[in-house]
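Quick note on our numbering: the sequence shown kicks off at 381 and runs consecutively.
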Amino acid sequence: MHITITGMLGSGKSTICRIIAEEKGYEVYSTGKIQRQVASQKGVTTLELNKMMTEYPELDSIIDNETVRIAKENEDRTIIFDSRMAWYFVPDAYNIFLTVDPYISAQRVMRADRGDVEGYSDVEEAKTKLMERASTEHERFIRIYNADYWNYNNYDLILDATWHDPDTLAAIIMGHMNMSINKNKKKRMTQSVLMSPKSLYPAVLTKNEEEPIISKKDWDSPHVYIIPKSHYNYIIRGHATVLQALSNKTELISVKSINMDEKSQLIIDEQSYKLFEETGEFTYVSNPNV
């Protein structure tokens, strides 16, 4: 059975793919590497190439067809697909999504010396351009395939890559793969969403213009429910559980992800935001309200 690893830019997915491949003896197929090679050949940045692919979908087809071919011709082997859309093209794979705070993503890309290639002068510019590039890809994939790679429902394991090193994340992934796949190499249907409490923003979901207040029922929910939106993850139920995890210095917690009603609005609760920072003795990397 194949493995697909998708993630936000700068989530470390390529490094994690390599670590798992070395540990398990698997082969890695990277579409990102192919994209960077094509961009270099054409003398453009990867962001510019993504915009070109909006006008010339045949560039996408080259990568897509190769992904399908490799998966089909190697059904008796395990290949790790380091790819934004392999989850869509590779049937019966174990699909993994890595999420990461945009600022941390930008820092990693700059440290990886990709800043010179992409033309980033500092972390803030890298963050802005990486988010722009991700949005361009996201919109293109929805238009071409009617498939949303940001939707957590498409994956078996969603893992927060913000606060842990690649070796730790690779170990977590391999552990969950072993638990989720039986001896016949068939997937179980239970999805796992593992997030750092320090990556979860206390929020309230509202449909009106009144001042939003987190209800006691939502605050005290024993199960944590989040809504992922625009690269950030917002708590809408189970705030007290996350607060306790911060107090206990728990590194990762299991949460449930739900989609947001288009008519609703997510608003960060500033009072809870400050309480979370004080209790966990940390500072949020980003403030999505800014």
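Just so you know, even glycine gets a beta-carbon here, dropped at the ideal spot from N, CA and C.
The structure presented is a predicted model; accordingly, all values stated were derived computationally and were not measured.
- In the three-state reduction of the DSSP assignment, residue 660 falls in the helix class.
- Residue pairing by DSSP places residue 608 opposite 613 in a beta bridge.
- Residue 577 holds the alpha-carbon nearest to the alpha-carbon of residue 624 among 605, 577, 635 and 610.
- By the C-beta density criterion, residue 527 is exposed, having fewer than 16 other C-beta atoms within 10 angstroms.
- Here residue 475 is buried, its C-beta having at least 16 other C-beta atoms within 10 Å.
- Comparing alpha-carbon positions, the option among 486, 632 and 450 lying closest to residue 501 turns out to be 486.
- Pairing residue 391 with residue 478 gives a Cβ-Cβ distance under 8 Å.
- Cα atoms of residue 388 and residue 596: separation of roughly 33 Å, rounded to the nearest angstrom.
- For the options 547, 549, 548 and 572, the alpha carbon positioned closest to that of residue 559 is the one of 572.
- In the three-state scheme derived from DSSP, where H, G and I count as helix and E and B as strand, residue 423 is classed as coil.
- In this structure, the straight-line span from the alpha carbon of residue 668 to that of residue 611 is close to 9 Å.
- By the Cβ neighbour-count rule, residue 473 is buried, with 16 or more other Cβ atoms within 10 Å of its own.
- Rounded to whole angstroms, the separation of the alpha carbons of residue 540 and residue 651 is 24 Å.
- The Cβ neighbour count for residue 471, taken over all protein chains shown within 10 Å, is under 16; the residue is labelled exposed.
- Annotation for residue 492: no residue places its beta carbon closer than 6 Å to its own, counting only its chain and skipping 5 residues before and after.
- Distance check between residue 547 and each of 381, 400 and 525 places 400 closest, using alpha-carbon atoms only.
- Under DSSP, residue 582 takes part in a beta bridge, and its partners are 615.
- Out of 574, 635, 609 and 542, the CA that lies nearest to the CA of residue 529 is found in 609.
- DSSP places residue 555 inside the alpha helix (DSSP H), whose first and last residues are 546-560.
- Membership of residue 540 in the beta strand (DSSP E) is indicated by the continuous run 537-540.
- Per DSSP, residue 638 lies in no alpha helix (DSSP H) and is assigned neither H nor E.
- Distance check between residue 517 and each of 457, 426 and 468 places 426 closest, using alpha-carbon atoms only.
- For residue 575, the pairing in a beta bridge is given by DSSP as 633.
- For residue 646, the uninterrupted beta strand (DSSP E) run begins and ends at 645-648, by DSSP.
- By the criterion of a C-beta distance shorter than 7 Å, residue 534 is surrounded in its chain by 467 and 475, once the five residues flanking it on both sides are discounted.
- Membership of residue 522 in the alpha helix (DSSP H) is indicated by the continuous run 503-525.
- At least 8 Å separates the beta-carbon of residue 594 from that of residue 556.
- In this chain, residue 532 is not harboured by any beta strand (DSSP E), its DSSP state being neither H nor E.
- Within the same chain, 393, 463, 464, 465, 466, 467, 475, 476, 477, 478, 529 and 535 come within 8 Å of residue 386 by CB-CB distance, once the 5 residues on both sides are set aside.
- Bounds of the beta strand (DSSP E) holding residue 386 are 383-387.
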